[in-house]
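Taking the UniProt record's numbering, the leading residue of the sequence shown gets 1, the next gets one more, and so forth.
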Amino acid sequence: MLVALKNYSPKLYTSKRGLIRLLTSAAKHSYYDPVPTTPSKPITILGIETSCDDTTAAVVNSDRKILSEAITLQHHLHESHGGIVPNIALKSHTMHLPSTVRRALDESGISAFELDAIAVTRGPGIPACLSVGLNAAKTLAAVLKKPLIGVHHMEGHALTARLTETTQPQFPFLCLLISGGHTLILLAEDVNKYKMLGTTLDDSVGEAFDKVARSLKLPWIQGRGGGAGAALEKCALSGDATRYTLPIPLNTNEHRYKMNFSFSGLKAAVSRMVEEQVDTNNPQMVADMAASFQSVILKHLENKITLAFNYCVQRDIKVTSLVASGGVASNMAIRHRLTELSSKYDANLVCPPPHLCTDNGVMIAWAGIERYQRGLFNSLEIDFIPKWPIEEINVPPQ
1 MLVALKNYSP KLYTSKRGLI RLLTSAAKHS YYDPVPTTPS KPITILGIET SCDDTTAAVV
61 NSDRKILSEA ITLQHHLHES HGGIVPNIAL KSHTMHLPST VRRALDESGI SAFELDAIAV
121 TRGPGIPACL SVGLNAAKTL AAVLKKPLIG VHHMEGHALT ARLTETTQPQ FPFLCLLISG
181 GHTLILLAED VNKYKMLGTT LDDSVGEAFD KVARSLKLPW IQGRGGGAGA ALEKCALSGD
241 ATRYTLPIPL NTNEHRYKMN FSFSGLKAAV SRMVEEQVDT NNPQMVADMA ASFQSVILKH
301 LENKITLAFN YCVQRDIKVT SLVASGGVAS NMAIRHRLTE LSSKYDANLV CPPPHLCTDN
361 GVMIAWAGIE RYQRGLFNSL EIDFIPKWPI EEINVPPQ
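Quick look at the structure:
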């Protein structure tokens, strides 16, 4: 198929029908070697993100301007199932990615041929979902003769604040990545260089929020930044956090001084208490349980981030920023608690805007720019990596 594309017509791929045809084809081998050059204008990159449920694309440039962002949400497709269903997500990505990319390009005010590179989430994530975005990005890169940049999903989250903040966080900085799939404390030493200080031993904090929201029978909040976790946060606003006593995870002597997280025991404790003590038809009891659960989450996060700051102090690592990103970082109670904690260490809490804490194409485009500036490119033969520890971000170059 790629051989036939050597003599493609630019007009074909600037039409809607042509682009859709392009995006639904998979490029597996490169017939040329992209040789990026130093641009005299801002670097402009298209970012594609399909690692989980939302289909997103964005165009961003190195002047830290978001030229466009397009997103197709799937919450309404998954709510009745109580979580993300991979086959449903795959079908929606396949159906909506071409038009989502088309919208991002149209709204950016530039043509696809003016892009400097194509960036795409390579992993971690749901395998089938990753494949949709990666195949589309490889095809675009091949046809447009642009470099391809495979991005680690969590690096995208970690670097977003360097796009959005007026005072750009400088390396090294601490990073708390909290989402539906991940709970990590990182020391970000540079682009493509991260030291993991702590991770979850079982479930993610986002999974815990979702599970408790389901046990309390909370309806999902629809729209961007919505879902079960957002519903629990909203419910907790009217609750009494002292009504129910729940265990703080990993608070024994064996685990107290380690930076890892655990949420499975807390989830189980909430489930038992809801079954035995909470009438889910009583709004106040539900709100009190939501507030009690969230309060324990705040304490658990605070304990482990305190250890991370102390780790840096003991090693004379000067960090001036704590970056909190990922979908759960849009929780305002968490932001407030982390702001107070950071100030004790003369550091600033830096969070992307809530709509850029959830999965988005903007973060992938920006991570692509940071990698482009360091000459970190990939061939068109790369594959997706469903399980990919960020400390192993330096996979053999492909």
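Glycine included, C-beta positions come from ideal geometry on N, C-alpha and C.
Among the options, nearest to residue i - alpha-carbon criterion
{"i": "residue 392", "options": "353, 194, 260, 112", "result": "194"}
{"i": "residue 283", "options": "70, 44, 232", "result": "232"}
{"i": "residue 43", "options": "384, 93, 371", "result": "371"}
{"i": "residue 110", "options": "60, 261, 235", "result": "60"}
{"i": "residue 154", "options": "359, 133, 373, 201", "result": "359"}
{"i": "residue 348", "options": "168, 114, 123, 53", "result": "168"}
{"i": "residue 65", "options": "204, 390, 293, 366", "result": "366"}
{"i": "residue 270", "options": "147, 89, 247", "result": "247"}
{"i": "residue 105", "options": "389, 57, 345", "result": "57"}
{"i": "residue 329", "options": "157, 256, 313, 245", "result": "157"}
{"i": "residue 186", "options": "310, 196, 152", "result": "196"}
{"i": "residue 308", "options": "198, 268, 140, 376", "result": "198"}
{"i": "residue 256", "options": "299, 230, 245", "result": "299"}
{"i": "residue 311", "options": "142, 173, 336, 41", "result": "173"}
{"i": "residue 291", "options": "87, 134, 41, 239", "result": "239"}
{"i": "residue 258", "options": "213, 306, 241", "result": "306"}
{"i": "residue 374", "options": "142, 149, 340", "result": "149"}
Three-state secondary structure (DSSP) of residue i
{"i": "residue 122", "result": "strand"}
{"i": "residue 99", "result": "helix"}
{"i": "residue 49", "result": "strand"}
{"i": "residue 378", "result": "strand"}
{"i": "residue 60", "result": "strand"}
{"i": "residue 216", "result": "coil"}
{"i": "residue 261", "result": "strand"}
{"i": "residue 227", "result": "strand"}
{"i": "residue 32", "result": "Interpretation of residue 32 is limited by its pLDDT of 39, a score under 50 that renders its predicted location unreliable; the figure taken from the coordinates is listed afterwards. Coil, per DSSP."}
{"i": "residue 129", "result": "helix"}
{"i": "residue 280", "result": "coil"}
{"i": "residue 221", "result": "strand"}
{"i": "residue 209", "result": "helix"}
{"i": "residue 117", "result": "strand"}
{"i": "residue 44", "result": "strand"}
{"i": "residue 55", "result": "strand"}
{"i": "residue 393", "result": "coil"}
{"i": "residue 106", "result": "helix"}
Nearest-angstrom Cα separation, counted from residue j out to residue i
{"i": "residue 272", "j": "residue 63", "result": "52 angstroms"}
{"i": "residue 51", "j": "residue 128", "result": "9 angstroms"}
{"i": "residue 361", "j": "residue 296", "result": "32 angstroms"}
{"i": "residue 11", "j": "residue 46", "result": "With a pLDDT of only 43 at residue 11, under the threshold of 50, the placement of this residue in the model should not be trusted, and no figure is reported."}
{"i": "residue 136", "j": "residue 118", "result": "10 angstroms"}
{"i": "residue 401", "j": "residue 350", "result": "Absent from the structure is residue 401, since the part of the chain shown begins at 1 and ends at 398."}
{"i": "residue 457", "j": "residue 206", "result": "Nothing can be reported for residue 457: it is not among the residues displayed for the chain, which extend from 1 to 398."}
{"i": "residue 91", "j": "residue 55", "result": "11 angstroms"}
{"i": "residue 48", "j": "residue 357", "result": "16 angstroms"}
{"i": "residue 188", "j": "residue 254", "result": "27 angstroms"}
{"i": "residue 200", "j": "residue 175", "result": "15 angstroms"}
{"i": "residue 334", "j": "residue 178", "result": "10 angstroms"}
{"i": "residue 237", "j": "residue 113", "result": "48 angstroms"}
{"i": "residue 145", "j": "residue 115", "result": "10 angstroms"}
{"i": "residue 277", "j": "residue 220", "result": "23 angstroms"}
{"i": "residue 216", "j": "residue 320", "result": "39 angstroms"}
{"i": "residue 354", "j": "residue 226", "result": "11 angstroms"}
{"i": "residue 210", "j": "residue 228", "result": "5 angstroms"}
{"i": "residue 338", "j": "residue 304", "result": "11 angstroms"}
{"i": "residue 379", "j": "residue 332", "result": "40 angstroms"}
{"i": "residue 406", "j": "residue 151", "result": "The structure shown does not extend to residue 406, since the chain is modelled only from 1 through 398, so no value can be given for it."}
{"i": "residue 130", "j": "residue 85", "result": "14 angstroms"}
{"i": "residue 147", "j": "residue 363", "result": "18 angstroms"}
{"i": "residue 125", "j": "residue 140", "result": "21 angstroms"}
{"i": "residue 218", "j": "residue 184", "result": "27 angstroms"}
{"i": "residue 390", "j": "residue 343", "result": "27 angstroms"}
{"i": "residue 381", "j": "residue 138", "result": "8 angstroms"}
{"i": "residue 95", "j": "residue 53", "result": "13 angstroms"}
{"i": "residue 6", "j": "residue 317", "result": "The pLDDT assigned to residue 6 is 34, lower than 50, so where the model puts this residue is not dependable, and the model offers no usable value."}
{"i": "residue 388", "j": "residue 123", "result": "6 angstroms"}
{"i": "residue 376", "j": "residue 132", "result": "22 angstroms"}
Delimiting residues of the beta strand (DSSP E) encompassing residue i
{"i": "residue 350", "result": "348-350"}
{"i": "residue 321", "result": "321-325"}
{"i": "residue 65", "result": "65-72"}
{"i": "residue 199", "result": "193-199"}
{"i": "residue 183", "result": "183-190"}
{"i": "residue 151", "result": "148-152"}
{"i": "residue 178", "result": "173-178"}
Residue i, enclosing alpha helix (DSSP H) - first and last residue
{"i": "residue 309", "result": "283-314"}
{"i": "residue 338", "result": "332-343"}
{"i": "residue 370", "result": "361-372"}
7 angstroms Cβ cutoff, residue i in contact with chain D
{"i": "residue 254", "result": "Absence of chain D from the displayed structure is noted, only one protein chain being present."}
The region 275-289 contacting the region 150-168, beta-carbon criterion three pairs below 8 angstroms: No, because fewer than three Cβ pairs between the region 275-289 and the region 150-168 fall closer than 8 angstroms, the two stretches do not touch.
Counting pairs of Cβ atoms below 8 angstroms between the region 99-110 and the region 64-72, do you hit three or more? yes
Say whether the region 263-277 touches the region 201-221, bearing in mind that this needs 3 or more beta-carbon pairs closer than 8 angstroms, one atom from each stretch. yes
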